[in-house]
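First up is the structure itself, then whatever we jot down about it.
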Amino acid sequence: MMTMKSLRSSAKLSLALLAFWLILTAGDPASLIIAALFIVLAILLKPPVDHSTRKTRLNLNFSGVLQFAWFFMLESLRGGIDVSRRVLSVRPRVDAVFYDYSMRLQRPYAQQLFISSISLLPGTLCADLDNQQLHIHTLDRHMDTPEGIRQLESLVGKIFGEAL
Amino acid sequence: MIDIMAILLIFFGLFFFLSGSIGLLRLPDVFSRLHALAKADNIGLAFVTLGVIMLEPNILNDIKVVIIWLLVMAASAISSHLIARRALREHRGDD
């Protein structure tokens, strides 16, 4: 049975997806039938969220978003250059290793953004999640990837109002 | 001048796409290949997006291109994570 809060959250998500769709299709009315189908699918497949807890409230910190975006852009550029240099060298330079990282973030949205962002940073790929423990694959055991990941986690926390 | 800069940016983007594809062929295992694909394609698409924005005067089309970039980036990050998780669990014999 859907509660009032989950109905409201589904309605908000539907409106946001519809807005995206209208921008992507330049408001073409003929495409709305496809939009309706996929919006309904997205709502049905959305993982359940516990609205009784404060953790799922979405209060974004604007300066945190800007700091994250800047960090993300620079690190993405470094990540792209690093991986290109490795694959274009005569013998690809890979000294891969797995390690575990204890995630401190508690809010589900923050955790999702953090896990998704890890794979786009230099040398890191989030391979699995076991409770709060992340299994991270790194291309080079000598890179100081945990420090970069900690910094990323703090910035994501700042966006969602979690002080780490 | 803007056209030349835009074309240069698009070429930078294509270079990163090419690196990602080379990485897919040259790197030794599924995890390392995912690094090449996720990171090189992400930054490659960013450069192509910037170049296209410089060439396209219609702001609505620019917003559209940025949204496409963000959606592709999200899809790339999520699919990399899912493929890596599956490969790791298979490797461990969990499934």
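So the protein sequences, as listed, match chains A and B. Mapping to this note's numbering: the first sequence position 130 is 152, numbers consecutive. Mapping to this note's numbering: the second sequence position 81 is 129, numbers consecutive. Glycine residues also receive a C-beta, built at the ideal position from the N, C-alpha and C atoms. What you are looking at is a predicted structure, and each value in this text was computed from that prediction instead of being measured.
Out of Leu62/B, Glu138/B and Leu136/B, the CA that lies nearest to the CA of Asp89/B is found in Leu62/B.
Under the criterion of beta carbons closer than 8 Å, Met102/B and Ala54/B qualify as touching, at roughly 4 Å. For the region 112-125 of chain B, residues whose beta-carbon sits nearer than 9 Å to a beta-carbon of chain A comprise Lys112, Ile115, Ile116, Leu119, Met121, Ala122, Ser124 and Ala125. As the crow flies, the alpha-carbon of Val96/B is around 16 Å from that of Leu85/B. Under a 10 Å Cβ-count criterion, Phe90/A is classified as buried, with 16 or more other Cβ atoms of the shown protein chains found around its own Cβ. Residue pairing from DSSP places Gln155/A in a beta bridge opposite Ser124/A and Asp152/A.
If you compare the alpha carbons of Ile181/A, Leu39/A and Leu151/A with that of Lys68/A, the shortest gap goes to Leu39/A.
Listed as beta-bridge partners of Thr146/A by DSSP are Thr160/A. Under DSSP, Asp117/A takes part in a beta bridge, and its partners are Asp162/A.
Separation of Trp43/A and Leu82/B (C-alpha to C-alpha, rounded to the nearest whole angstrom) is 29 Å.
C-alpha of Phe60/B to C-alpha of Gly92/B: approximately 7 Å in a straight line. A check of alpha carbon separations from Val119/A across Met165/A, Ala33/A, Ser36/A and Gly170/A identifies Met165/A as the nearest.
With distances taken between CA atoms, Leu161/A lies nearest to Asp104/A out of Leu35/A, Leu63/A, Asp104/A and Gly49/A. Using beta-carbon distances, Ile137/A counts as an interface residue toward chain B, with a partner under 8 Å. One alpha carbon belongs to Gly179/A, the other to Ser106/A, and they sit about 30 Å apart.
Rounded to whole angstroms, the Cβ separation of Ala149/A and Phe79/B is 7 Å, and the two are in contact under 8 Å. In its chain, beyond the 5 residues on either side, Ile101 and Glu104 have a beta carbon closer than 6 Å to the beta carbon of Asp110/B. A Cβ-Cβ distance of about 14 Å is found for the pair Leu130/B and His157/A, leaving them out of contact under the 8 Å criterion. Along the region 159-174 of chain A, the positions whose C-beta sits under 8 Å from a C-beta of chain B are His159 and Leu161, read in chain order. In terms of Cα proximity to Arg134/B, the closest of Leu151/A, Leu35/A, Leu63/A and Leu174/A is Leu151/A. When Leu147/A, Tyr131/A, Asn153/A and Asp117/A are compared, the shortest CA-CA separation from Pro76/B is found for Asp117/A. The beta-carbon distance between Leu127/A and Gln133/A, rounded to whole angstroms, is 5 Å. This is short enough to meet the 8 Å contact definition. Restricting attention to Ile70/B, Gly141/B, Ala132/B and Val114/B, the CA atom closest to the CA of Ile45/A is found in Val114/B.
No Cβ of chain A is located within less than 8 Å of the beta carbon of Pro105/B. According to the DSSP assignment, Asn90/B belongs to the alpha helix (DSSP H) that extends over Asp89 to Leu103.
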